[in-house]
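Chains as they are written, first to last, in my numbering: chain F, 2 to 395; chain Y, 2 to 395.
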């Protein structure tokens with residue numbers, strides 16, 4: 002059996018950017034992936050400005066607490082002043098540019114205004130309350146690297162540079178299909194031997210949450226002709242094809258044969274629970290990920306093993322996880338497979354869902370993350386363990 | 002000054018659901034908020050089924066390892082079988098329903114098939130490899146509570162129940178406006194005394210990331226008539242109005258006067274850094290949040306203080322944070338304000354961004370979360386601190 006790290010490593014050997022670039026409005030860029038490093042085109046702030054409401058002076062003029070300085074100008078944000086005459090003060094407001102000649106802002110609480118002049122009661126150090134040009138970003142600086150998924154603050158940072166359009170990777174198109182004669186669609190009638198298809202929705206949610214475009218092929222009848230047609234359609238329309246079910250060795254299913262006939266397929270057994278069966282291949286040149294069929298296995302396998310591969314195809318250059326260490330409120334013996342346990346974090350520590358069966362999807366909805374239990378690692382109540390909140394995998 | 006907890010508590014006193022309910026397709030429900038508890042309508046799985054490819058038998062018939070059992074039927078997933086005749090076996094595949102009369106599945110690896118019969122070489126305990134009806138969810142069980150934001154796995158869970166449409170809260174509409182004569186829009190020419198408006202994009206990103214609908218009013222000229230008109234428009238179109246800048250006591254700005262004239266406004270000073278000035282009021286009956294103007298203050302104030310309020314308005318019933326404890330790679334004295342430090346998590350611990358100035362938006366893009374430093378809490382290098390990854394605040 003492959004370890005989880007081996008499986009991810011093998012997939013990444015075959016991974017590579019599978020999308021082209023498009024230019025979009027910055028306002029629409031949340032979650033999109035930068036196609037190039039973003040270097041600063043200007044200094045931010047573009048000029049020294051005042052951090053306070055107060056009076057801009059030359060520091061040398063403020064040393065006598067009994068000598069009022071005439072107020073020679075008034076400078077509000079957005080309305081630049083003129084050179085400051087010696088031995089005068091400029092009334093100035095937060096965010097306004099410091100006039101040439103001034104070097105210090107005295108906050109208004111430390112001043113007294115009398116008949117058009119101002120008395121500096123308490124002189125701060127030279128340079129105080131001045132936000133220096135380029136304090137945030139210096140022209141030429143690499144602000145955001147290629148491959149970064151844009152967050153709210155990154156949008157703000159780019160806006161502060163005057164950037165209104167950005168080059169991003171097109172959304173990765175991922176085709177999703179499920180096979181299995183037992184599956185019926187939610188909203189339709191069920192019947193003997195049938196179950197509702199949950200995997201399609203779990204996959205839709207995960208893939209859309211990662212910013213991908215889903216090509217949804219629904220349930221495909223478990224016949225060679227139907228699966229062949231669906232796979233060809235998927236490969237033509239999408240950058241990656243994902244299916245759930247039918248990849249165990251020896252299982253009754255036509256997916257494996259069809260993928261092999263249209264390209265190639267490798268069946269893996271991964272030392273992971275939930276999970277184990279996993280297939281990687283190509284359908285007429287388009288990469289194919291074959292996930293196991295059990296609901297929790299689908300969820301965990303795509304989160305832990307599929308995600309790094311898909312992120313690489315999308316051009317996301319940083320997907321490595323840095324698990325938190327949190328206290329387990331349970332004990333559990335390690336075994337020969339790496340386990341991803343569904344847990345809920347509380348102020349006291351991590352609670353384990355009672356059933357860790359791969360068929361119990363309720364465990365993933367009850368929980369807010371996974372504990373990674375390495376091969377042969379015994380978890381002891383009260384000791385710290387590796388915790389991956391679901392939000393970290395989003 | 003108010004503490005952060007006091008400020009959140011005061012806001013929540015005024016918070017309440019501000020949106021109505023709509024029914025949408027489950028496929029479109031990612032991130033949407035449930036309007037009602039979701040009780041299970043059926044058992045899942047709906048019947049006992051096989052966890053393995055193998056042979057379904059009555060346990061009592063399998064005790065003699067030399068006595069082959071005739072194979073009386075073949076049951077694939079989706080194709081229910083018939084009552085199992087005594088002293089026979091049913092060939093069965095993963096996911097297929099256990100036929101009435103059978104109680105155990107023997108995995109195929111422990112059997113030998115000979116001329117239409119099967120020899121049970123190793124009999125497992127009674128009930129083995131049978132996934133019991135209702136193992137995942139029992140009919141009537143409360144699966145997901147009202148106020149839950151739907152994640153991928155929740156969509157899967159609802160689908161497994163046959164649910165194809167869900168009642169959710171309509172998206173909260175939040176109007177965003179910025180005032181300040183120094184502000185210009187990205188993509189347009191800048192000039193002396195001007196800076197690009199980043200707050201609009203930071204706010205857009207945060208609010209859309211939380212699933213809200215943004216009513217984007219852009220930059221409003223700093224004149225009473227313009228602000229009055231924009232505020233009236235915002236209050237009419239949105240459920241909540243958010244503005245940035247102009248809420249410091251004594252600051253040169255018309256926002257405070259306009260909001261007061263159209264409703265009411267309270268100016269708060271919160272013991273938080275970055276942050277401090279904050280306003281809460283109403284514009285013609287619509288709640289108004291007035292954020293500070295500095296880019297990092299806007300970001301932190303909305304994340305920490307605005308988020309609980311907005312989540313309550315959206316009907317999200319669980320927004321309490323459970324900070325991780327991680328090791329600080331820096332020391333820092335506590336002070337009289339609660340600080341939210343921009344940090345980056347590494348395998349070794351949390352690194353501090355060199356400049357924690359409220360004007361340095363780069364700190365938020367460089368970082369992947371906030372350290373919460375409580376009032377008078379000294380942070381010591383190597384000791385654990387409260388860490389809020391940005392992903393936890395999404």
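Note that beta-carbon positions come from the ideal geometry of N, C-alpha and C, so glycine has one too.
Are any of the Cβ atoms in chain Y nearer than 8 Å to that of residue i?
i	result
residue 201 of chain F	yes
residue 145 of chain F	yes
residue 327 of chain F	yes
residue 47 of chain F	yes
residue 348 of chain F	yes
residue 73 of chain F	no
residue 296 of chain F	yes
residue 51 of chain F	no
residue 21 of chain F	no
Against chain F, with Cβ distances strictly below 8 Å, would residue i count as a contact?
i	result
residue 196 of chain Y	yes
residue 323 of chain Y	yes
residue 274 of chain Y	no
residue 160 of chain Y	yes
residue 355 of chain Y	no
residue 366 of chain Y	yes
Using a C-beta to C-beta distance shorter than 7 Å, which residues of chain Y count as neighbours of residue i?
i	result
residue 80 of chain F	182, 194
residue 132 of chain F	360
residue 209 of chain F	31
residue 293 of chain F	By Cβ distance, chain Y contributes nothing, its closest Cβ being about 10 Å from residue 293 of chain F, past 7 Å.
residue 168 of chain F	The premise fails here: residue 168 of chain F is roughly 15 Å from chain Y at the closest Cβ pair, so nothing lies under 7 Å.
Please compile the residues from chain F whose C-beta is within a distance smaller than 8 Å of the C-beta of residue i.
i	result
residue 205 of chain Y	28, 31, 153, 156
Give the interface partners of residue i over in chain Y, defined as CB-CB distance under 8 Å, in chain order.
i	result
residue 98 of chain F	193, 194
residue 300 of chain F	153, 154, 157
Which one or two residues does DSSP pair with residue i in a beta bridge?
i	result
residue 328 of chain Y	Y:385
residue 90 of chain Y	Y:72
residue 105 of chain F	F:58
residue 196 of chain F	F:184
residue 1 of chain Y	Since the first residue shown for chain Y is 2 and the last is 395, residue 1 of chain Y is missing from the structure and cannot be characterised.
residue 429 of chain Y	Residue 429 of chain Y lies beyond the stretch modelled for chain Y, which goes from 2 to 395, so this question has no answer here.
residue 113 of chain Y	Y:120
residue 98 of chain Y	Y:50
Using the beta-carbon of each residue, which ones in chain F are nearer than 9 Å to residue i?
i	result
residue 138 of chain Y	361, 362, 363
residue 164 of chain Y	187, 188, 197
residue 393 of chain Y	390, 392, 393
residue 244 of chain Y	Within chain F, no residue comes near residue 244 of chain Y; the closest Cβ sits about 15 Å away, beyond 9 Å.
residue 179 of chain Y	Near residue 179 of chain Y there are no residues of chain F at all, since even the closest Cβ is about 11 Å away, more than 9 Å.
Three-pair Cβ contact test at 8 Å for the region 347-367 of chain F versus the region 206-214 of chain F: no
Stretch-stretch touch, CB-based, cutoff 8 Å, three pairs: the region 362-373 of chain Y with the region 301-320 of chain F: no
Segments of 3+ residues assigned as beta strand (DSSP E) that fall wholly inside the region 21-63 of chain F: 22-26, 55-58
Three-pair Cβ contact test at 8 Å for the region 215-226 of chain Y versus the region 183-191 of chain F: no
Meets three-Cβ-pair contact criterion under 8 Å: the region 125-145 of chain F and the region 41-51 of chain F: yes
Three or more C-beta pairs below 8 Å linking the region 319-326 of chain F and the region 269-277 of chain F: no
Uninterrupted beta strand (DSSP E) stretches inside the region 292-351 of chain F (no shorter than 3 residues): 325-328, 339-347
Cβ contact check for the region 143-153 of chain F and the region 90-100 of chain F: 3 or more pairs under 8 Å: no
Touch test, the region 170-181 of chain F against the region 58-66 of chain Y, Cβ-Cβ under 8 Å, three pairs minimum: no
Three CB pairs or more closer than 8 Å across the region 78-85 of chain F and the region 156-174 of chain F: no
Segment contact flag, the region 17-24 of chain Y with the region 307-318 of chain Y, C-beta cutoff 8 Å, min 3 pairs: yes
Given 8 Å, three or more beta-carbon pairs between the region 232-241 of chain F and the region 286-299 of chain F: yes
Inter-stretch contact (C-beta, 8 Å, three-pair minimum) for the region 330-340 of chain F and the region 371-381 of chain F: yes
Three or more C-beta pairs below 8 Å linking the region 97-109 of chain F and the region 30-50 of chain F: yes
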